[in-house]
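Residue numbers (the working numbering), protein chains in the order written: chain U, 301 to 656; chain D, 301 to 656.
Beta carbons: idealized from backbone N, C-alpha and C, even for Gly.
2 protein chains.
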Amino acid sequence: MADNSGFRRVPASAIRAFITDALAAAGLPQDDAAKCAMLMSEADLTGADAHGVFRLPQYVRRLKAGGFNARPNITVATLAPATALVDGDNGMGHLVMSRAAETAIALARETGVAWVGVRRSNHAGPAGLYAEMPAAAGMIGMYTAVANANHMAVWGGADPLLGTNPLAIGVPSGEGAIVLDMATTVVSYGTVKNYALQGKSMPPGWMVNTATGEDVTDAKRSAEGLLLPIGGYKGSGLAVMLGLLAGPLNRAAFGRDVVDFNADDKSETNTGHFIIALDIARFMPLDAYTAEVDRHIGELKESKRLPGVDEIRIPGDRRRECHAERTRNGVPLAPPLIAQLDKLAAELGVAPLAAR
Amino acid sequence: MADNSGFRRVPASAIRAFITDALAAAGLPQDDAAKCAMLMSEADLTGADAHGVFRLPQYVRRLKAGGFNARPNITVATLAPATALVDGDNGMGHLVMSRAAETAIALARETGVAWVGVRRSNHAGPAGLYAEMPAAAGMIGMYTAVANANHMAVWGGADPLLGTNPLAIGVPSGEGAIVLDMATTVVSYGTVKNYALQGKSMPPGWMVNTATGEDVTDAKRSAEGLLLPIGGYKGSGLAVMLGLLAGPLNRAAFGRDVVDFNADDKSETNTGHFIIALDIARFMPLDAYTAEVDRHIGELKESKRLPGVDEIRIPGDRRRECHAERTRNGVPLAPPLIAQLDKLAAELGVAPLAAR
């Protein structure tokens, strides 16, 4: 559970309070700051270490530089009984995507299924957060985003024209939502950044050097390479197709139009997402479905194992266990990250993590 | 384009006529036989070699053994304004899924998006066929099936509890539909069967021997191994999640309940699928969207290439080129397959391929 020595354990409540104060100091209304903090700390609890408080310094930089709109007028246009388009007015992605998920759930209650597209949004944290929202409401959730930087080439290519464009699917079960949250790359760039911050080297197969064709293993030299897709041309094709649905269909960025938000704090990213919610109750009673899901998951977990495998794990296992363990023991934060956050606290004039 | 020496080139029209006669001789009404033949020959034209006429002997065996219902009463229950459940009454999968796709397109015209689940269906050929139907109607198509045999284990497992559960996405472009059709395994079992028929050996990484953990490379010994997922735990997780949506949500088979239709000609498979159709016109004018798709695809194809790569290819390129080339020159059929089909013709008392 990533409890490397030297990491400090910080309660999620302290992280939440710190993020709230920092975002409010950076200009967000108090309620919006608290909502972002709740979702970002949830990312930390679920083990999405590259998508929680780790992102705060970058978000604050963007808010200060005018790259994010601290006081957006988020609007929802219902395009048809079961479809809507959310315009995020360049607000924090967490606020925009929460609104989109709520809209999808409300529409799906009426029509059975809903597809909500999103434009003019921003980085919204881990995809699993939003696939889980319909699942928590007794629905199927499906979510995709055009990632906020292009760290992959199309299969055979050497230009960074594709993002990690994740796919997340949430399904209710008797033990809470089962959430698959997968990048179409072997790893996310956030993971690479986390490795770089911790000075860890990457295994082969994660990134390719586009000039030499060799593996990049030094995470600090990630700028020389590009991420590799899962399944070769398949993962590349999936990133293209999901991107065409989350981006251009919503008049949002894709391909050459993507703004690298790691390199540019000022330009609007016009991030696109989409979320689907499907109301299970239209197909069968929810408890009958979750009982079937539980039976099948149980059969998978109790099935014969390959030699050397101690336990079979299915999507969401790590997420759920991590959430429980970190709720008890706190979120492990790396010393370099804590130093960054202390510096940020001083800049913003808010109490540091340690004082909470 | 798989034009190996020794292959005979057969016009798609001859294949279509042969399949129609064979299925009619096996008990299908003439119109249904023609519809299946059209879709199966389309699979052959698009290069889905393991999903076209290659499957005919097995389909006929199942029809004769009572495993397929030759005269099904396919019903559609509209569960909500944007959702429906199709009960295939154990008919040919092609007929059932065509009906589901038509239903999804019709509902999406009214509500913007539709999700149609399917139960009591059967093997329906390549996933791309059905994702393309909404795309041909100016919509986004998304399709999944629970595969008709379990040739994969859950990640870490050694029991065959998962199928190749494919995901297909269709998007309209200025040059026709762009169709991604990907198994969640590195290859489909149909491809393995085709390799076995042709006596070709498989590259490492396709299948693992569950007892030894080593690669299976002899396609004829595929029974000793299981297919491997793309991206390790990711592909496994995707197969699980897609399976829970296409199977149990429709009260269709998944996991331990899947009937291996390669080993059993008699038992009903209760195959589940789902298809989503999204009406692009609700988001923007269709031609504005296809223009954006064309621009992005062009930018991907013209981007910088890795050393040694002659051409960048995107989803659907091979499919479209293959369709054009095979329409001109005929579908290449391997001699062992032609021998099987000749034997089938004799059994059914219909004219063989060569006489058409």
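Per DSSP, what are the beta-bridge partners of residue i in this structure?
i	result
H573(U)	V418(U) and A445(U)
D515(D)	V508(D)
L527(U)	M452(U) and M507(U)
R521(U)	DSSP lists no partner for R521(U).
V310(D)	V631(D)
D332(D)	According to DSSP, D332(D) bridges with nothing at all.
A384(U)	T378(U) and V416(U)
D579(D)	M439(D)
Please report the distance separating the alpha-carbon of residue i from that of residue j.
i	j	result
C622(D)	G630(D)	10 Å
G649(U)	A326(U)	10 Å
G499(D)	R361(D)	23 Å
P311(D)	V487(D)	27 Å
D387(U)	A334(U)	21 Å
A511(D)	G505(D)	16 Å
V413(U)	A406(U)	10 Å
L480(U)	Q640(D)	43 Å
D349(U)	T491(U)	8 Å
R656(U)	L363(U)	24 Å
A588(U)	T517(U)	48 Å
L345(D)	A624(D)	8 Å
L379(U)	M584(D)	10 Å
V396(D)	L545(D)	17 Å
D579(U)	Q330(U)	33 Å
V446(D)	L542(D)	8 Å
M507(D)	A337(U)	45 Å
P615(U)	N373(D)	38 Å
A586(D)	I478(D)	In the sequence as presented, Ala is not what sits at residue 586(D); that position holds Leu. The straight-line gap from Cα to Cα measures roughly 14 Å.
R316(D)	A370(D)	18 Å
T485(U)	E432(U)	21 Å
G306(D)	A645(D)	21 Å
Q358(U)	L328(U)	15 Å
H451(D)	K534(D)	17 Å
A651(D)	P636(D)	18 Å
P460(U)	D515(U)	16 Å
T464(D)	L356(U)	40 Å
G474(U)	G532(U)	35 Å
P426(U)	G352(U)	8 Å
T411(D)	T411(U)	8 Å
So which residues on chain C does residue i lean against when the C-beta distance must stay under 7 Å?
i	result
K534(D)	This model lacks chain C altogether, as its protein chains are U and D.
Please name the residue, chosen from the options, that lies closest to residue i on a Cα-to-Cα basis.
i	options	result
R340(U)	A365(U), E402(U), Y430(U) and G417(U)	One detail in the question is off: residue 340(U) reads as Met in this sequence, not Arg. Looking at the Cα atoms, Y430(U) is the closest of the given residues.
A343(D)	R619(D), P635(D), T375(D) and P652(D)	R619(D)
T671(D)	L356(D), A483(D) and S313(D)	With chain D covering 301 to 656 only, the question about residue 671(D) has no answer from this structure.
F561(D)	A424(D), R355(D) and N448(D)	N448(D)
K520(U)	G543(U), V540(U), N494(U) and N450(U)	N494(U)
G441(U)	A453(U), T403(U) and L385(U)	T403(U)
F574(U)	D587(U), A553(U) and Y589(U)	A553(U)
G547(U)	A435(U), V559(U), I614(U) and V418(U)	V418(U)
V559(U)	T571(U), R551(U), L549(U) and N550(U)	T571(U)
P466(D)	V540(D), L586(D), P329(D) and T378(D)	V540(D)
A377(U)	V416(U), L385(U) and L538(U)	L385(U)
R551(D)	A634(U), A591(U) and T485(U)	A591(U)
V271(D)	G366(U), G456(U), G438(U) and A382(U)	Here chain D has residues from 301 to 656 only, and residue 271(D) is not among them.
R308(U)	L633(U), A365(U), L653(U) and A651(U)	L633(U)
A365(D)	E475(D), A563(D) and G347(D)	A563(D)
L462(U)	P529(U), D617(U) and H596(U)	P529(U)
A581(D)	A435(D), A458(D) and T464(D)	A435(D)
A577(D)	F368(D), I638(D), D332(D) and A382(D)	A382(D)
W438(D)	A468(D), L549(D), W415(D) and G476(D)	The identity of residue 438(D) in the sequence shown is Gly, whereas the question assumes Trp. Closest by alpha carbon: G476(D).
I597(U)	A453(D), A401(D), F354(D) and T444(D)	A453(D)
Open item on the list: Please give me, in chain order, every unbroken run of the beta strand (DSSP E) with length at least 3 that falls completely inside the region 433-508 of chain U.
Closed with: 439-445, 467-473 and 476-482
Task: Every unbroken alpha helix (DSSP H) within the region 592-642 of chain D, with a cutoff of 4 residues, ordered by chain - done: 617-629
Open item on the list: Under 8 Å: do the region 318-331 of chain D and the region 391-410 of chain U share three or more Cβ pairs, one atom per stretch?
Closed with: no
Task: Ordered list of beta strand (DSSP E) runs contained in the region 343-382 of chain D, each at least 3 residues - done: 375-380
Open item on the list: Across the region 413-428 of chain D and the region 566-573 of chain U, are there enough close Cβ pairs to call them in contact, namely three or more that are closer than 8 Å?
Closed with: no
TODO: Could you pull out every unbroken alpha helix (DSSP H) segment of at least 4 residues lying fully inside the region 528-556 of chain D, listed in chain order?
DONE: 533-546
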